[in-house]
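Each position in the sequence shown, counted from 1, maps to that position plus 257 in this note's numbering. By construction, the Cβ of each residue, glycine as well, lies at the ideal position given by its N, Cα and C atoms.
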Amino acid sequence: MSKYKVLLFYTILGLSGILIIDYIMYNLIQEQYLRVYIHRTIGIILLICTGIFLYLYLSKMEQFSELTEEQMRLHALIDTMADFVNFKDGKGNWIKVNEFGLKLFHLEHVDYKGKTDSELAGYTHADSSALEYCETSDEVTWNSKKVTRCQEVIQLTDGRHRIFDTTKIPLFEQDGSRKSLIVIGRDVTDIIQAQNELSISQQQYKSLYEYNPDPIFMLNLQGLISDVNSRFEAIIGESEVSLVGVSIFDFIIQSPEDQLNLKQSFADVIHSKKGIHKGDLRFQTKIGKEIWLSCTIVPILINGTISGVICYAKDVTHLRETEKMLRKTEKLSVVGELAASVAHEIRNPLTSIKGFIQLLKDDSDTREDYFNIMLNELDRINLIVSELLVLAKPQELQLTQQNLHQLMTEVAVLLEPQAHLSGTELYIGSNPRLPTLSCEANQLKQVFINIIKNSIEAMATKINVEFILNNSSVLVRITDDGLGITQSRIKHLGEPFYSSKEKGTGLGLTITYRIIEAHKGSVHIHSEIDKGTTVEITLPID
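Spelled out as structure tokens, the structure:
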């Protein structure tokens, strides 16, 4: 009911009441005092009613004033918002839009109220298609009868595009008809652009990290692995699942001093927040293989706070093995040059000295023990010179088909007296399937003699020889229960003049390695102190 109808009804009701009261007062009531009483009563009632109406009016005015003030604050808030806010009626006509929306569509000087998006599209200098699309998305919201969100792209006059995350809230009458629609749009162009740049940066980092040809791993502040790339997984032989949460120090082979030094370097990186190049570290793979990784430790900083470290490593195992082989080759080269220049010069006067000592021995009956010592020492010098000549000039191989078991049997017969004298038992196994090999018989005998003599001199009580046939090679395994060799010495075996024997030259194993290499084979030595030594010689069948 409108306010005009209420006012008309109140006026008619008041006039009717006055006429009815006057009629009653002057036609039905005769007593004068009763008329006065009724007039006063009616006046009081009218005063009370007027007071009530006045109170209600003032209350309504106060509420209206508060509502008006609240609406002003709301309009001020909406106008100052950095978001697009628009109110539409149930027919899509604009009711109210904030300043941001007017500037966005260049409608500052347009009377937009009562106009639809399509109608306003003809007034704007901005992208009119965006306004026309609003009607389509509005219809989707009306049909869904719930709050919807969508992204709308608006092209500005300068050609740039802005993306708005738009929320539309539909309101309905009690009968279900459309009442109004609230549209709120937030400019998310910069956010989406930042997200895209962050995504690209993350993908670039992931590519650099995951597909790096060198192993990379991350550690938390406790030194536990938090992430690894696929190359580190492959080189260690463990999956990321089994590596995460494990201390990196469990994979590093170092002495206690090196471990302490590494932990100190780790602490220095965390404290100084600066990267350092740690150098080579020995890692042990899942299968027990040792590898060398050259590591650089860099702090991981997030908002200036260190959350861990990242280690960039480079597999230098092959490089270190090559350097080691070069050093060994250089030593052999020096020995060869020394042998070539000295051996022949020594042998000639050595022969003369030995001859004269034998003559003196034959002519003298005294001091025979002195002569024997001198002759033995000259024989020893002659043996060393012979070994030097082998190193100085590689011998041409005269290959023939030989049976390794037969060669080992001949060696056993030769060394049997020395073995008995030392209390050593020699057992030679047999293998009926053992084929003949193309080799130089005398050189292989020399190899077997050198190794078995070493076992005898290592106080072994038992020496076992096995022949194991593989697909394309034969493995000769010589095992003893002697004193054993320390791990620090094993890596130096085969180097010229490296020997633990009192009168040893180290040339025996050097020649052994040289002969086996000439036969395209390999030598591996495993040993433990007080448990014995195992020498494995692999020779190719072809």
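Review point. Does DSSP put A570 in a helix, in a strand, or in coil?
Key: Counting from one through the sequence shown, the residue named residue 570 turns up at place 313. Note: A570 maps to strand in three-state DSSP.
Practice item. May I have the straight-line CA-CA distance separating C407 from Y466, to the nearest angstrom? Key: Reading the sequence shown from its first residue, position 150 is the one you call residue 407. Reading the sequence shown from its first residue, position 209 is the one you call residue 466. If you take the alpha carbons of C407 and Y466, they lie about 36 Å apart.
Point to revise | Local conformation of E759 per DSSP, three classes | key: Within the sequence shown, numbered from 1, the residue matching residue 759 stands at position 502. Because the pLDDT at E759 is just 47, under 50, the model does not fix this residue reliably, and the point stays unresolved.
Check your understanding: Just curious, the alpha helix (DSSP H) that V704 is in, first and last residue?
Key -> Here residue 704 corresponds to residue number 447 of the sequence shown, with the count starting at 1. Segment 698-714, the alpha helix (DSSP H) holding V704.
Check your understanding: Run through DSSP, which three-state label would M475 get?
Key -> Within the sequence shown, residue 475 is the residue found at index 218, counting from 1. It is a strand residue.
**Study point:** Classification of D374 by the beta-carbon crowding that lies within 10 angstroms, buried from 16 upward
**Key:** The residue given as residue 374 occupies position 117 in the sequence shown. By the neighbour-count rule (16 or more Cβ atoms within 10 Å), D374 is buried.
Point to revise | Beta-carbon proximity list for P797, same chain, < 7 Å, skipping 5 on both sides | key: In the sequence shown, residue 797 corresponds to position 540, counting from 1. Closer than 7 Å at the Cβ level, and outside the excluded window around P797, lie S729, S730, K777, G778.
Review point. Taking DSSP as the reference, what is the three-state secondary structure of L796?
Key: Taking the first residue of the sequence shown as position 1, residue 796 is located at position 539. In this structure, DSSP gives L796 an extended state, which the three-state scheme calls strand.
Practice item. Identify whether S729 lies in helix, strand or coil by the three-state DSSP scheme. Key: Looking up residue 729 in the sequence shown gives position 472. DSSP places S729 in coil when its eight states are reduced to three.
Check your understanding: Would DSSP call H783 helix, strand or coil?
Key -> Taking the sequence shown and counting its residues from 1, one reaches residue 783 at position 526. In this structure, H783 counts as strand in the three-state DSSP scheme.
Review point. What residues in its chain sit with their C-beta under 8 Å from that of I527, if we drop five residues either side in the sequence?
Key: On the sequence shown, residue 527 is found 270 positions in, with the first residue counted as 1. Taken in chain order, the residues that qualify are L478, P556, I563, V566.
Exercise for review: Using alpha carbons as the reference points, say which of R488, K425, S458, L671 lies closest to N400.
Suggested key: Counting from 1 along the sequence shown, the entry for residue 400 is found at position 143. For N400, the closest of R488, K425, S458, L671 by C-alpha to C-alpha distance is K425.
Exercise for review: Give the straight-line distance between the Cα atoms of I439 and F489, rounded to the nearest whole angstrom.
Suggested key: On the sequence shown, position 182 is the one that residue 439 refers to. On the sequence shown, position 232 is the one that residue 489 refers to. Each residue's Cα considered, the two are about 56 Å apart.
Exercise for review: Taking P674 as part of the alpha helix (DSSP H), name the residues at either end of that continuous run.
Suggested key: In the sequence shown, residue 674 corresponds to position 417, counting from 1. 661-679 is the span of the alpha helix (DSSP H), which, as asked, contains P674.
Practice item. Only counting runs of 3 or more residues, tell me where the beta strand (DSSP E) segments fall wholly within the stretch 303-386, in order along the chain. Key: 341-346, 351-354
Review point. Tell me the DSSP bridge mates of S496?
Key: Numbered from its first residue, the sequence shown carries residue 496 at position 239. Its beta-bridge partners do not exist; DSSP assigns none.
Practice item. Pick out the complete beta strand (DSSP E) segments inside the stretch 399-469, 3 residues or longer, and give them in chain order. Key: Listed in chain order, the beta strand (DSSP E) runs fully inside the stretch 399-469 are 405-412, 418-429, 435-444, counting runs of at least 3 residues.
Review point. When the Cα atoms are used, what is the spatial distance from I786 to I544?
Key: Reading the sequence shown from its first residue, position 529 is the one you call residue 786. Reading the sequence shown from its first residue, position 287 is the one you call residue 544. Answer to the nearest angstrom: the Cα atoms are 23 Å apart.
Check your understanding: Can you tell which of G741, L656, H677, T718 has its C-alpha closest to the C-alpha of N699?
Key -> If you number the sequence shown from 1, residue 699 lands on position 442. With distances taken between Cα atoms, N699 lies closest to L656.
Point to revise | Residues near T743 in its chain [Cβ-Cβ closer than 7 Å; skip 5 each side] | key: If you number the sequence shown from 1, residue 743 lands on position 486. Once the five neighbours on either side are set aside, the close Cβ partners of T743 are I786.
Review point. How many angstroms separate the CA atom of V354 from the CA atom of S434?
Key: On the sequence shown, position 97 is the one that residue 354 refers to. On the sequence shown, position 177 is the one that residue 434 refers to. Distance between the alpha carbons of V354 and S434: 23 Å.
Exercise for review: Can you say whether G371 is buried or exposed, counting buried as having 16 or more other CB atoms within 10 angstroms of its CB?
Suggested key: By one-based count along the sequence shown, residue 371 stands at place 114. When all chains shown are included, G371 counts as exposed.
Exercise for review: Would you decide whether S745 is buried or exposed? Buried here means 16 or more other CB atoms lie within 10 Å of its CB.
Suggested key: The count along the sequence shown starts at 1 and reaches residue 745 at position 488. With fewer than 16 Cβ atoms within 10 Å of its Cβ, S745 is classed as exposed.
Exercise for review: Hey, could you find the ends of the beta strand (DSSP E) I685 is sitting in?
Suggested key: The residue you call residue 685 lines up with position 428 of the sequence shown. Element bounds for I685: 682-685.
Point to revise | Nearest-angstrom beta carbon gap, A715 and T790 [assumed within contact, 8 Å] | key: Sequence index remark: in the sequence shown, residue 790 carries index 533 (1-based). Sequence index remark: in the sequence shown, residue 715 carries index 458 (1-based). With a Cβ gap of about 7 Å, T790 and A715 count as contacting.
**Study point:** Neighbourhood of I533 by C-beta distance below 8 Å, restricted to the same chain and skipping five residues each side
**Key:** By 1-based counting over the sequence shown, the position of residue 533 is 276. Answer for I533: S522, D525, V526, T553, I554, listed in chain order.
Exercise for review: Compute the Euclidean distance between the alpha carbons of V670 and I768, then round it to the nearest angstrom.
Suggested key: On the sequence shown, position 413 is the one that residue 670 refers to. On the sequence shown, position 511 is the one that residue 768 refers to. Taking the straight line joining both Cα atoms gives about 22 Å.
Review point. Who pairs with V555 in a beta bridge, going by DSSP?
Key: As a position in the sequence shown, residue 555 is number 298, starting the count at 1. According to DSSP, which records beta bridges pairwise, V555 is partnered with I567.
**Study point:** Top-ranked residue by Cα proximity to D799, from S695, F508, G271
**Key:** As a working note, residue 799 is residue 542 in the sequence shown. If we check each option's Cα against that of D799, S695 comes out closest.
Check your understanding: Is DSSP giving L519 helix, strand or coil here?
Key -> Position 262 of the sequence shown, counted from the start, is the residue given in the question as residue 519. Correct three-state label for L519: helix.
Review point. DSSP on R584, reduced to helix/strand/coil?
Key: Counting from one through the sequence shown, the residue named residue 584 turns up at place 327. Reduced to three states, the DSSP call for R584 is helix.
Review point. Just how far apart, CA to CA, sit N607 and M631?
Key: In the sequence shown, counting from the first residue as 1, residue 607 sits at position 350. In the sequence shown, counting from the first residue as 1, residue 631 sits at position 374. As written in the sequence, residue 607 is Leu, which differs from the Asn given in the question. C-alpha separation (whole angstroms): 11 Å.
Exercise for review: Note down the Cα distance separating I510 from F540, rounded to an integer number of angstroms.
Suggested key: In the sequence shown, the residue the question calls residue 510 occupies position 253. In the sequence shown, the residue the question calls residue 540 occupies position 283. Going by the C-alpha atoms only, they are around 6 Å apart.
Review point. Just how far apart, CA to CA, sit E759 and I713?
Key: To locate residue 759, count along the sequence shown from 1; it is residue 502. To locate residue 713, count along the sequence shown from 1; it is residue 456. For E759, the predicted model reports a pLDDT of 47, less than 50, meaning its position is unreliable and no value from the coordinates is stated.
**Study point:** C-alpha distance - I448 paired with G442, whole-angstrom precision
**Key:** The residue you call residue 448 lines up with position 191 of the sequence shown. The residue you call residue 442 lines up with position 185 of the sequence shown. C-alpha separation (whole angstroms): 14 Å.
Point to revise | Residues bridged to T816 (per DSSP) | key: Outside the shown range of the chain (258 to 799) lies residue 816, about which nothing can therefore be said.
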